[in-house]
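Step one of this worksheet: look at the structure below.
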Amino acid sequence: MDGARAGAGRNTAGADRVARGLRGAAWLLPAAIVLVALNFRGPIVAPAPVIGDIRADLGMTATVAGLLTTIPVLCFALATPFASWVIARFTAERAVSLSLVIVLAGTVLRSIPHEAALLVGTAVIGIGITIGNVVVPVVIRRDTSPERVGLVTGVYTSALNVGSMTTSLGTAPIAAVWGWPVAIAVWGLLALVAAAAWTYTVGAAAAWRGADRDSGPVPVTGPIDQVLDTGAVRTVPTGTASATTATGAAATRHPAKRWVTWGLMLAFGGQAFSYYALTAWIPTLLHDEIGFDTASSGASSSVFQILAVVGALGVPVLAGRFRPRVIIALVAFFWLAMPLGLLFAPQLWLLWSVLGGAAQGGGITIIFIVIVRLVSNDDDARRVSAFVQGGGYLLGSAGPLVAGALHGATGGWTAPLLTVLVAVLLLGVVGSVSARKVR
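Quick note on the numbering used here: the sequence shown kicks off at 3 and runs consecutively.
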């Protein structure tokens, strides 16, 4: 009896030690997600600050150079089925790790000073990011307690823009010292750091789902961060949502048969077209129009990226006060300042970048809010989101290519900026009309 009591005491003490350790590691999941997110936009914009050097070394045309931004966005539209298969085949944890490995491999390949390697490496990066785009929200919903989902999602979205800002700021100075191949390869270190953090986090999850060597099994179910924070045992009901989802889906038309989803897809496409066209060519435009050197052009373009955080966090606040169609119109109004301002007063680039940056961060956010309010059930949400994003990113992938081709054909920036202007109007007009019945 005494031996049994002593064993039970040791087990309890061991379990307490595990619980205390896990409570101290509650920050692990959000921190790992931030590090992972830094790799899901930064690699796309990394070549932009040094695109002039790349073109000079490799003899690339403006149209081909535009593919460096177009290809990853095209992957967002076309590689989603593959990403879904990867998640189903390898589990969400391994899918995150695989996405980082693919991004790292593509980054190394893209740093080889050869046009074919540059384009193929870019495509590899696009596939890796596509997997990450799909799987990270799944991880957040599954492993974050309900009261923290919104916060962690906001942190994840903000980290995407921080990744873009970091590479925009850092690529040109590194290239000035070691050359552009090193400057775009060095960001692969972020993938290594993120992979290490993610592996550590998954290992912690295995610890609290498995057994402590001294204490025996620690029974844990429920969201990862809540278990880490409280050490509590939770039971999550399962098997109740599928019937409701199936019933709702049966009564819902396919997104392709609803004009409102077509409108949202076109609006998302206008948003994506404008964002990726400007992301690819702002450094070159500022160099041509104002005379910025390569480092200054990259630094100035980072303003456009980081101000997206303001829009992404501000639009949900506005959505609690105004109808979505009003917010879409407001976002488009500020968005228009970017192409018009750069066209008529490029010397005020900082003002236009602030307004356009906040608008582009708010544009994608308000469209997602409209989708959430429009759908009737989880299955409908999945289908509408896939339809809007798939078609929208397909349109958006043309942005850098069209802008680069127009610049190459005309030798100036008037035609590219007018094209961005039309895309922003598409977002504002079609988006507002599509959301007119959404409250």
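Idealized CB from N, CA, C, for every residue including glycine.
Cβ-based burial, residue i [other Cβ within 10 Å; buried from 16]
i: Pro183; result: buried
i: Trp180; result: exposed
i: Gln362; result: buried
i: Trp351; result: buried
i: Leu289; result: First, the residue type needs correcting, since residue 289 is His and not Leu in the sequence shown. The residue in question, His289, is buried, as its Cβ has 16 or more Cβ neighbours within 10 Å.
i: Gly61; result: exposed
i: Thr412; result: exposed
i: Ala374; result: The displayed chain sequence assigns Val, not Ala, to residue 374. Classification for Val374: exposed.
i: Trp261; result: exposed
i: Pro115; result: exposed
i: Thr324; result: The displayed chain sequence assigns Phe, not Thr, to residue 324. With fewer than 16 other Cβ atoms within 10 Å, it is exposed.
i: Trp283; result: buried
CB of residue i within 9 Å of CB of residue j, strictly
i: Leu345; j: Thr416; result: yes
i: Thr173; j: Ala185; result: yes
i: Val122; j: Arg112; result: yes
i: Val47; j: Ser303; result: yes
i: Ala279; j: Gly401; result: yes
i: Val105; j: Pro51; result: no
i: Thr159; j: Cys77; result: no
i: Gln273; j: Gly358; result: no
i: Trp354; j: Gly364; result: no
i: Val305; j: Val356; result: yes
i: Leu376; j: Thr203; result: no
i: Thr421; j: Val404; result: yes
i: Ile73; j: Val136; result: no
i: Ala94; j: Val141; result: yes
i: Ala407; j: Ala64; result: yes
i: Ala193; j: Ile129; result: no
Contacting residues, own chain, Cβ-Cβ under 6 Å from residue i (five flanking each side not counted)
i: Gly134; result: Phe42, Ser101
i: Leu447; result: Nothing about residue 447 can be reported from this structure: the residues present for the chain run from 3 to 441 only.
i: Val390; result: Leu266, Met267, Phe270
i: Val312; result: Ala360
i: Ala196; result: Leu37, Val38, Asn41, Leu102
i: Ser434; result: Arg327, Ile330, Ala331
i: Arg57; result: Ala67
i: Ala243; result: Low confidence applies to Ala243: its pLDDT is 37, below 50, so where it sits in the model is not reliable, and the reading given next is rough at best. Answer for Ala243: no residue qualifies.
i: Val120; result: The sequence given here places Leu at residue 120; Val does not occur at that position. Same-chain partners within the cutoff: Arg112.
i: Pro257; result: Thr263, Arg385, Val386, Phe389
Close-in-space but distant-in-sequence residues of the same chain around residue i (CB under 7 Å, 5 per side omitted)
i: Ile329; result: Val317, Leu320, Ala321, Ile368
i: Pro83; result: none
i: Val126; result: Ile104, Ala107, Gly108, Leu111
i: Ala199; result: Ala33, Ala34, Leu37
8 Å CB neighbourhood of residue i in its chain, flanking five on each side removed
i: Gly241; result: Unreliable placement is indicated for Gly241, whose pLDDT of 37 sits below 50; no coordinate value is reported for it.
i: Leu427; result: Gly272, Ala334, Leu338
| task | Could you tell me which uninterrupted alpha helix (DSSP H) segments, each at least 4 residues in length, are contained entirely in the segment 54-126, listed from first to last along the chain? | result | 64-80, 82-112
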